[in-house]
Structures are given as structure tokens and as C-alpha cells.
Amino acid sequence: MLDATKSEEHRRQLEYELDAVGIRLNKSKPDVVFKKRTTGDVYNKIDSISVEELDKLARQPNSVVISCEMDLNLDYLIERMWDELKLVKIYTKKRGAHPDLSDPICLRKGATIENGKSSKFAPHAQKVSLHHQVQDEDVVSIFTK
């Protein structure tokens, strides 16, 4: 709800803040699609089957075999999910501070940034163009002049 006594700038600021947390006013929904595949699954409890059965399941197209109890192949499952969803994680960094690697921002592969610096855990940040495509686990700082 907007206060009628406030300026138009107040409305723009509220819209900007809502957009920053994923609430889009008067915009179409983001282009996110989930498609069910006709083949492929995640098979759990692989620690309870023979090596031959495991090999047969693992060779099926689009399948991943895991064991939650023994913590087997879970990292690979997560990696495959990120790849299949075509998402990348980037981290933000404030000037003079270390990046918060516990709170990534998720973007589609091929997303670009509009100005700033980007580095992949390099000792020196790189200046990048307006059309720089962020890569998975990039650290991004944006400075205004």
C-alpha cells in the first residue's frame, strides 16, 4: 500500500526493493519450466543391491544412483540438478569484506551483469564489460560512481 502523501520516488524505491527480493509487480512470470522426462530417475538405497544391478541402473539415460544412508553420490546428484536446471550460483561481495559463500544468488546460465567486477576466487578482481556472462561460483561486486 502506498502513501498518497509520498513522492513518486518513494513508489520507485519500494518497487526496486520488492524486485530485489523476487517480487515482480506488473511483470510477467519468470521463464522457469519444469519438464517431466519419460526416462531417468534418482535411485536411492544403492548400498542394498548388487554391483551388477547398480551398474544396470547407473547406465540408464538421465539416471543418478545414490545412497542417502551412506552419503554416496549425493554431491553428484546436486551437481546434476544444477546442470539440468541450467542454473549458476554467484556470490556477492561488499567492498573490503569477504564474500558470503553461504548465501548464493541463483541465475540462469548465460545471465549477464551490468557493471562491476567479477572473479572466480582469483587473487585480483577483473573489470568486466556490460555483457559479461557470469559463471558458476563467480564473486561479484558492484560499485557505483
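Each residue of the sequence shown is one higher than the one before, starting from 899 at the first, in the working numbering. Glycine is no exception: its CB is placed at the ideal position from the N, C-alpha and C atoms.
I1003 sits in a strand when the DSSP states are folded into three classes. If one requires a minimum length of 4 residues, the alpha helix (DSSP H) runs lying completely within the stretch 905-932 are 906-918, in chain order. I921 sits exposed, since fewer than 16 C-beta atoms from the chains shown fall within 10 Å of its C-beta.
DSSP places I988 in the uninterrupted beta strand (DSSP E) bounded by L985 to T990. Between the C-alpha atoms of V1037 and V919 there is a straight-line separation of about 19 Å. For D929, the closest of D945, K1007 and T990 by C-alpha to C-alpha distance is K1007. Here the C-alpha atom of D998 lies approximately 7 Å from the C-alpha atom of K991. Listed in chain order, the alpha helix (DSSP H) elements of length 4 or more contained wholly in the stretch 934-979 are 949-956.
Looking at M979, D917, L923 and Y914, the one whose alpha-carbon comes closest to that of S961 is M979. CA-CA distance, E977 to V986, rounds to 10 Å. By the neighbour-count criterion, in which 16 or more other beta carbons inside 10 Å mark a residue as buried, I1003 falls on the exposed side.
Here DSSP, grouped into helix, strand and coil, assigns D901 to coil. Between the alpha carbons of R993 and E907 lies a distance of about 27 Å. Comparing C-alpha distances from S1000 to each of A1009, T1010 and Y989 shows the shortest one belongs to Y989. Contact check for S965 against N942 passes: the beta carbons are separated by less than 8 Å.
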